[in-house]
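In this note's numbering, the protein residues as written are -10 to 152.
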């Protein structure tokens, strides 16, 4: 049986992008990948448009809550293989030390939570962000992780973030 990989997604508020990424991995990782999400300055609640989009896609939202990245810097936290920031702001902040010596990369995506307009325009922004994250995550989950050395794997995850 192949190894399973623990992935942490980080954005500033942990209310939209990182929650979406966590949901994508946990619904499509087929047990090989397991994800969590956190924020450098969590908002304390998940954006209602995030919950609405996930629900519309048939994804259970019971997991979704806004959490601090400090929750994952404890001795009993999962050991991460990968840590991805999904916003430039969180990528620039000093982060906690993660157990497991994970590879990390910045996969900045536009923040749908800042979009204003009609419900349709806001919903579209969330859908676009979801699809962008989904595409990157599927590229990532299809990497031959077991056969790549650490430097090659780092280049690949960086390239995915720049795609």
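All residues carry an ideal CB built from backbone N, CA and C; glycine is no exception. From a predicted model like this one, the values you see are computed outputs, not experimental measurements.
Item: For residue 13, the first and last residue of its enclosing alpha helix (DSSP H); Value: 6 to 17
Item: Local Cβ density within 10 Å of residue 140, reported as buried at 16 or more and exposed below that; Value: exposed
Item: Between the CA atoms of residue 142 and residue 3 - distance to the nearest angstrom; Value: 26 Å
Item: Separation of residue 21 from residue -10, as counted between CA atoms; Value: Its pLDDT being 44, under 50, residue -10 is placed unreliably by the model, and nothing is read from it.
Item: Integer Cβ distance of residue 126 from residue 75, believed to fall under 8 Å; Value: That belief does not hold up - the Cβ atoms of residue 126 and residue 75 are roughly 10 Å apart, past 8 Å.
Item: Range covered by the beta strand (DSSP E) that runs through residue 149; Value: Counting along the chain, residue 149 falls outside any beta strand (DSSP E), though it belongs to the alpha helix (DSSP H) covering 139 to 151.
Item: Residue from 83, 6 and 24 whose Cα sits closest to the Cα of residue -7; Value: 24
Item: For residue 69, the three-state DSSP class (helix, strand or coil); Value: coil
Item: Element boundaries [beta strand (DSSP E), containing residue 134]; Value: Looking at the DSSP string, residue 134 is not in any beta strand (DSSP E), and its letter there is neither H nor E.
Item: Cβ-Cβ separation, residue 69 to residue 85 (assumed contact under 8 Å), whole Å; Value: That belief does not hold up - the Cβ atoms of residue 85 and residue 69 are roughly 11 Å apart, past 8 Å.
Item: Closest Cα partner of residue 14 within the set 144, 123 and 136; Value: 123
Item: Ranges of the alpha helix (DSSP H) found wholly within the region 14 to 64, counting only runs of at least 4; Value: 37 to 45
Item: Beta-carbon separation (whole angstroms), residue 42 vs residue 115, contact threshold 8 Å; Value: 5 Å
Item: DSSP three-state assignment for residue 2, whether helix, strand or coil; Value: coil
Item: Beta-bridge pairing of residue 95 - partner residues as DSSP gives them; Value: 74
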